[in-house]
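**Q** If you read the sequence shown in this note's numbering, its first letter stands for residue 523, the second for the next number, and so on.
The beta-carbon is built from N, C-alpha and C at its ideal position, and this holds for glycine as well.
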Amino acid sequence: MTTLPPGLRQAPRWRRRLASLVQDIGRVRHYGIEASGVRLAKWAADHGRSLFPRRLTTLSDAEFFARGRASGSSWEAFADQERPSALPAFNRPDELRALLLSEHPDACQASVTDAERIVNGSLMVLGHQFMENGRIQWDLDPWSGTRFPARHRRRLGLDSFAADDRHTVDFMFANEVHKHTALLTLGKAFFVTRDERYAACAVSHLCDWVDRNPIEIGIAYYSTLTVAQRLMSWVFLWALLRESRSFRKQGLQPFVTSLCLQAEFLSRNLSAHWIPRNNFYLCELAALAFVGASLPELQRAGEWLAGSTAALSEELPRQVWPDGVSVEQSSGYQRLVLDLVLLVLLLRECPRAVGLDRVRQVGEALAEAHMHLLEPGGTLADIGDVSTERAVVLDDGREFRDGRTVLATAAALFRRPDMKWVAGRFAEESAWLLGPDGARRFAELAAAPPQAASWAGTAGGYYVMRSRWGPDAHQMVVDAGWTGMKPGGPGGHGHNDTLSFTLAIHGRPVIVDPGTYIYRGSPAWRDWFRSTRAHNTLTVDGEEMGVLGPGLFQVSQQPEPRVVEWHSAPCEDWLVAEHDGYRRLADSVIHRRAIRYSKPDAWVLEDSCRGEGTHRYEVRFHCAQDVTVTLAGAAVLLAPPGAPSLGMLFVGSSDLSTQVEEGWVSRQYGRKVSAPVVVGLWSGRLPTSLITVLVVLDDREADPWQERARRIAAMSYGTVQLSGREGK
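1) Report all residues from its chain with a CB closer than 6 angstroms to the CB of M1237; omit the five preceding and five following residues, and keep chain order.
2) Go to H1137, then tell me how far its alpha helix (DSSP H) extends in each direction, as first and last residue.
3) Report the residue from P898, D1102, Y1119, V1111 whose alpha carbon sits nearest the alpha carbon of C1093.
4) Mind checking who L896 pairs with in its DSSP beta bridge?
5) Would the beta-carbon of G1013 fall within 8 angstroms of that of T1005?
6) Taking only the alpha-carbon atoms, compute the straight-line gap between A637 and T707 and give it to the nearest angstrom.
7) Is it buried or exposed, S1196, if we count other Cβ atoms within 10 angstroms and call 16 or more buried?
8) Helix, strand or coil: how does DSSP classify L1001 here?
9) According to DSSP, is A588 part of a helix, a strand, or is it coil?
10) Under the three-state reduction of DSSP, which class applies to G1169: helix, strand or coil?
11) Where do the ends of the beta strand (DSSP E) carrying Q1079 lie?
12) Evaluate the contact criterion for the segment 890 to 905 versus the segment 914 to 924: three or more CB pairs, one atom per stretch, below 8 angstroms.
13) So who's on the other strand from S1130, going by DSSP bridges?
14) Considering only their Cβ atoms, is the gap separating M694 from Y1191 smaller than 8 angstroms?
15) In three-state DSSP terms, what is W1253?
16) Taking its Cβ as the centre, do 16 or more other Cβ atoms sit within 10 Å of S596, making it buried, or is it exposed?
17) What does DSSP give as the partner residues of W1204 in its beta bridges?
18) Mind checking I1234: buried by the 16 CB within 10 Å criterion, or exposed?
19) If you run the structure through DSSP and keep just helix, strand and coil, what is I1033?
20) Hey, which unbroken runs of the alpha helix (DSSP H) at 4 residues or more fall wholly within the segment 676 to 732?
21) Can you list, in chain order, the residues of its chain whose CB lies under 7 angstroms from that of A1231, leaving out five sequence neighbours each side?
22) Using 10 angstroms around the beta-carbon of T1150, count the other beta-carbons present and answer buried if the total reaches 16, otherwise exposed.
23) Run through DSSP, which three-state label would Y1191 get?
24) Rounded to a whole number of angstroms, what is the C-alpha to C-alpha distance between E951 and A620?
25) If you scan the segment 725 to 804 from start to end, which runs of the alpha helix (DSSP H) of 4 or more residues do you find wholly inside it?
26) With 16 as the cutoff for other CB atoms within 10 Å, does W796 come out buried or exposed?
27) Tell me where the alpha helix (DSSP H) around V955 begins and ends.
28) Run the CB neighbour count on E1134, radius 10 Å, all protein chains shown included, and call it buried at 16 or more, exposed below.
29) Would F683 be called buried (16 or more neighbouring beta carbons within 10 Å of its own) or exposed?
30) Tell me the rounded alpha-carbon separation between G1155 and G649.
31) Compute the beta-carbon to beta-carbon distance between V1000 and L864, rounded to the nearest angstrom, for a pair I have assumed lies under 8 angstroms.
32) Output needed for G877: all residues of its chain with C-beta closer than 6 angstroms, excluding positions within five of it in sequence on either side, in chain order.
33) Would L867 and M893 be called neighbours here (beta carbons separated by less than 8 angstroms)?
34) By the 10 Å Cβ neighbour count, where 16 or more other Cβ atoms means buried, how is G982 classified, buried or exposed?
35) What did DSSP end up calling G1014 once you bin it into helix, strand or coil?
36) Buried or exposed: where does P1162 fall if 16 or more other Cβ atoms within 10 Å of its Cβ makes it buried?
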């Protein structure tokens, strides 16, 4: 386990529960008695079932065939029945296999290598070993070193957590295992090699999972999001193993009957009653649509397919701003929603799928926002929570943060030359999804860079300032949006990052968002990574801009952002935005940040505060872990390895002091590394302001970079002086 982060104290459990009750009462007032009553009735029904759970793993043959409209009542007839796959790429398996082996030989070999490790008794998930004596440890929590009990999902006791942080479980690790990505790895290896060993291994682990995870029992059913992701993995697994003898003989019956039971479980546990609804509901609907399309023999197949696609077409516009930004204000979950939309669009040939025109419209907006939010190297910019969520993992998963793979699929589906240009190549994941037809559509596109280098997601509050398109470009991404889940929402996956930014120079991240690190495994670290001090923005009197809690996915008294001005021109971008997160202080404060981007390589930030009283101010700049920081009073040098440095100069505040403190960066769930943080500190009466100049260094310049930075500041704000002692 890890030590607690400095600067944060965990509230006692009773206080957090009391605060949670108060917030629940507030939700009733905000959303109304009727909506809240629906949620309460659902909760009561679930807990009633938990008192007398049935330990049901599969259906008998008679029970299954009674649920369907299939001709005959034998598994032989069922296996031999001709049915088109819900996944169009698999309707011509030989062509798909040839495409993968010819265009993605390294990826195919990586799948085989990973499958061999599983066959040989090793399964590493998020850095932890989940196999022991050849069996997957489905109930293991490697974070706490404990086992999840085999109790009803409502009686696992995972909603509470230890106030002292010492014995807290984190089920995200187990969730990853229960999504069955490992079975997909084995299925992919079988598909490209036709080596029955991989299929037999997949069937063995599949049957073991079915036997040890009865419906509604244990951690496998705690999260309906995980159930939905597992169902989508199973739809792909069925397509991958359809030609396998082992699967037909030993795996088909437990697989199909469990698939049916899990879909029925999901259909009666939809998150439609959540206030507000989020990505869980979207994923659940997508999963039911795919099960309905894959098993048309089931009596409820048409209901699941038509009803779920119709509900998706109605729900997506509520969860995606018109500019394509997810209302959850999280780039990681924006990627998940885009994944889901692209998958659902594969069902466009299914006659019972409805509302897909609207789904397509929202999906294209999502993809365009995703394209602009990619860093020059193709990595997804960190905004809010970025954990492990993907609809289904069809590549090797090693490049989880590479956002170009999903963009390649979007380029082919939406026929977008600009998305092809940014994606670069038709990804392995795209091949599994779209097959040879998608590869041809992608190849026919004449790639061209997006017309505008900079971009504004005005509804979602994201602003991208980019020098040009290319892997060695400069790019700043500014978050001037809501905390999460729209005004009045709970916060969800959003962080206290209003007016924070990230900056890449020559394609290299230099000033970064620290990331997410952990959810429930450490409440104190969870709060640190979503705190104001963990972002590149201003802190007043050491307070949060929004009160963290009472829950780990809640922020109360959230700041209200306001964009005052934005314009983009060939020579400069200009953004002015503010928030009122410190209005609740005894002497209220409004924080405004103005950013002028003098293209291609200089930025001037002015942080100004207005209000009442005397306060203490801290502005932080979190650096990438490999950046070396050299501090000389008001002048700071940030040097990434093997790339030009970034100069940072503070001007305008005579009593400013600067320091470098230890921070952390997390680029994989459950892991963090130390990284430097540049801090500027000053105190004074309001109004007050601080100017920070950022310039990319050029070795060819004759004058010191500080002189250039001072000139740039003077051009923006007139005569200025250096901050701190160097300015005196």
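**A** By the coordinates alone:
1) The residue given as residue 1237 occupies position 715 in the sequence shown. The answer is none, since no qualifying residue turns up.
2) As a first step, residue 1137 must be located in the sequence shown, where it is residue number 615. Taken as a continuous stretch (DSSP letters only), H1137 belongs to no alpha helix (DSSP H), being part of the beta strand (DSSP E) at 1136 to 1144.
3) Locating residue 1093 in the sequence shown gives position 571, where the first residue counts as 1. Per the Cα distances, Y1119.
4) Here residue 896 corresponds to residue number 374 of the sequence shown, with the count starting at 1. L896 pairs with L902.
5) Translated into positions along the sequence shown, residue 1013 becomes position 491. Translated into positions along the sequence shown, residue 1005 becomes position 483. Yes, these two residues count as a Cβ contact at 8 angstroms.
6) The residue you call residue 637 lines up with position 115 of the sequence shown. The residue you call residue 707 lines up with position 185 of the sequence shown. C-alpha separation (whole angstroms): 6 angstroms.
7) The residue given as residue 1196 occupies position 674 in the sequence shown. Result: exposed.
8) Position 479 of the sequence shown, counting from 1, holds the residue named residue 1001. Note that residue 1001 corresponds to Asp in the displayed sequence, not to Leu. D1001: strand per DSSP, three-state reduction.
9) Your numbering for residue 588 matches position 66 in the sequence shown. Three-state result, A588: helix.
10) Taking the sequence shown and counting its residues from 1, one reaches residue 1169 at position 647. If DSSP states are grouped into helix, strand and coil, G1169 belongs with the strands.
11) The residue given as residue 1079 occupies position 557 in the sequence shown. Run containing Q1079: none; DSSP gives neither H nor E here.
12) Here the segment 890 to 905 lies against the segment 914 to 924, with 3 or more beta-carbon pairs under 8 angstroms apart.
13) Position 608 of the sequence shown, counting from 1, holds the residue named residue 1130. R1114, S1211, per the DSSP bridge assignment.
14) Taking the sequence shown and counting its residues from 1, one reaches residue 1191 at position 669. Taking the sequence shown and counting its residues from 1, one reaches residue 694 at position 172. Their beta carbons are under 8 angstroms apart, which means Y1191 touches M694 by this criterion.
15) Here the chain has residues from 523 to 1250 only, and residue 1253 is not among them.
16) Taking the first residue of the sequence shown as position 1, residue 596 is located at position 74. Classification for S596: exposed.
17) Reading the sequence shown from its first residue, position 682 is the one you call residue 1204. DSSP, once it has assigned bridges, lists Y1139 as partnering W1204.
18) The residue labelled residue 1234 in the question sits at position 712 within the sequence shown. Flag for I1234 reads buried.
19) What you label residue 1033 is simply residue 511 of the sequence shown in a count that begins at 1. DSSP, reduced to helix, strand and coil, places I1033 within a strand of the structure shown.
20) 694 to 700, 703 to 715
21) As a first step, residue 1231 must be located in the sequence shown, where it is residue number 709. Only G1169, L1171, V1215, V1217 meet the Cβ criterion.
22) Position 628 of the sequence shown, counted from the first residue, corresponds to residue 1150. Burial call: exposed.
23) Within the sequence shown, numbered from 1, the residue matching residue 1191 stands at position 669. Residue state, collapsed to three classes: coil.
24) Within the sequence shown, the letter at position 429 stands for residue 951. Within the sequence shown, the letter at position 98 stands for residue 620. Each residue's Cα considered, the two are about 15 angstroms apart.
25) 746 to 763, 774 to 789
26) Taking the sequence shown and counting its residues from 1, the one referred to as residue 796 is at position 274. Looking at its Cβ environment, which holds fewer than 16 other Cβ atoms inside 10 Å, W796 is exposed.
27) Along the sequence shown, read from residue 1 onward, the residue named residue 955 stands at position 433. Correcting the residue identity first, residue 955 is Leu in this sequence and not Val. According to the DSSP assignment, L955 belongs to the alpha helix (DSSP H) that extends over 950 to 966.
28) As a first step, residue 1134 must be located in the sequence shown, where it is residue number 612. Label assigned to E1134: exposed.
29) Start at 1 with the first residue of the sequence shown, and residue 683 comes out as number 161. Legend: pLDDT at F683 = 43, less than 50; position of this residue unreliable, no value from coordinates given.
30) Along the sequence shown, one-based indexing puts residue 1155 at 633. Along the sequence shown, one-based indexing puts residue 649 at 127. About 41 angstroms.
31) Position 478 of the sequence shown, counted from the start, is the residue given in the question as residue 1000. Position 342 of the sequence shown, counted from the start, is the residue given in the question as residue 864. At roughly 27 angstroms, the Cβ-Cβ gap does not stay under 8 angstroms, so V1000 and L864 are not in contact.
32) Position 355 of the sequence shown holds residue 877. Exclusion of the five residues before and after G877 leaves T831, A832, S835 as the residues of its chain whose Cβ lies within less than 6 angstroms of its Cβ.
33) Your numbering for residue 867 matches position 345 in the sequence shown. Your numbering for residue 893 matches position 371 in the sequence shown. No. Outside cutoff.
34) On the sequence shown, position 460 is the one that residue 982 refers to. Its Cβ being crowded by 16 or more others within 10 Å, G982 is buried.
35) Within the sequence shown, numbered from 1, the residue matching residue 1014 stands at position 492. Coil.
36) By 1-based counting over the sequence shown, the position of residue 1162 is 640. The residue is buried, with at least 16 neighbouring Cβ atoms inside 10 Å.
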